[in-house]
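Asker:
In our numbering, the protein residues as written are 8 to 262.
(1) Just the Cα atoms here: how many angstroms apart are residue 174 and residue 182?
(2) Using DSSP bridges, identify the partner residues of residue 245.
(3) Determine the extent of the alpha helix (DSSP H) in which residue 214 is found, giving its start and end residues.
(4) By a C-beta neighbour count over all protein chains shown, 10 Å radius and 16 as the cutoff for buried, is residue 153 buried or exposed?
(5) Say whether the region 46-56 touches the region 19-31, bearing in mind that this needs 3 or more beta-carbon pairs closer than 8 Å, one atom from each stretch.
(6) Are the CB atoms of residue 223 and residue 211 nearer to each other than 8 Å?
(7) Classify residue 55 as buried or exposed, calling it buried when 16 or more other Cβ atoms lie within 10 Å of its own Cβ.
(8) Is it buried or exposed for residue 262, if we count other Cβ within 10 angstroms and need 16 for buried?
(9) Would you decide whether residue 109 is buried or exposed? Buried here means 16 or more other CB atoms lie within 10 Å of its CB.
(10) To the nearest whole angstrom, what separates the beta carbons of residue 170 and residue 147, a pair I think is in contact under 8 Å?
(11) Need the endpoints of the beta strand (DSSP E) that residue 41 sits in, please.
(12) In this structure, does DSSP put residue 166 in helix, strand or coil?
(13) Would you please state the rounded distance, in angstroms, between the beta carbons of residue 33 and residue 144? I believe it to be under 8 Å.
(14) Distance, Cα to Cα, residue 63 vs residue 140?
(15) Quick one: give me the first and last residue of the beta strand (DSSP E) that residue 186 is part of.
(16) Quick one: is residue 251 buried, meaning 16 or more other Cβ sit within 10 Å of its Cβ, or exposed?
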């Protein structure tokens, strides 16, 4: 049995009912890519849906194990943060459906690497993450969990928290509950530049106790009166898009 490596954040899933539920969370059609397959808990069922499944695994021991247990699997020894998603989509012949169990310590970088792939590269991704992070992603305004992740991910995708996963179904047992979240990337393009939108959101929440008049004072344009007396947590994701449009310097509006 493969021994989990703590430095890689490995927790291997062992419950067949949970495994089937996760794989069944992929919707639609299109080529599938698995990230971080580990010992291959999901891999066999995924290959039933897509015999040409592509998998990316950073652990050389797991790569060897997967090649032995699934000889026809296209498993690549590569860090998911270094994957060229447009090249994989072109190779596989269409927008990708991505699935995986994310190491807790690099969840956010992986999420943004998937979101930042060019439009049309990835159609959806289903990932398991720490429940606390999942709750932040789907949080609503005027709640403690609502913040940068909530606003940005709810405008760049449609996230849906599907179900929780007990720590008891992993080896080793993590200290926290996990959640499975599906992200649909078929959303309208922002009417303002993505970088500018993210900057406004980050500035607003980095000083979330201040009103937007003060937290956005360094943006270079006056905050409209309708928003100036509010705190960041009072604005919906759509409000932030509108606010970013008001504050957009020349050249930062989307074409």
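Don't be surprised by glycine CBs; every beta carbon is placed ideally from N, CA and C.
Answerer: Considering the structure as presented:
(1) 7 Å
(2) BP columns for residue 245 are empty, so no partner.
(3) From DSSP, residue 214 is part of no alpha helix (DSSP H); its letter is neither H nor E.
(4) buried
(5) yes
(6) yes
(7) exposed
(8) The predicted position of residue 262 is uncertain, since its pLDDT is 41 and thus under 50; a value taken from the coordinates is nonetheless stated next. By the neighbour-count rule (16 or more Cβ atoms within 10 Å), residue 262 is not buried but exposed.
(9) buried
(10) With a Cβ gap of about 19 Å, residue 170 and residue 147 do not count as contacting.
(11) 39-42
(12) strand
(13) Not quite, the Cβ-Cβ distance comes to about 18 Å (not below 8 Å), so this is no contact.
(14) 23 Å
(15) 185-191
(16) buried
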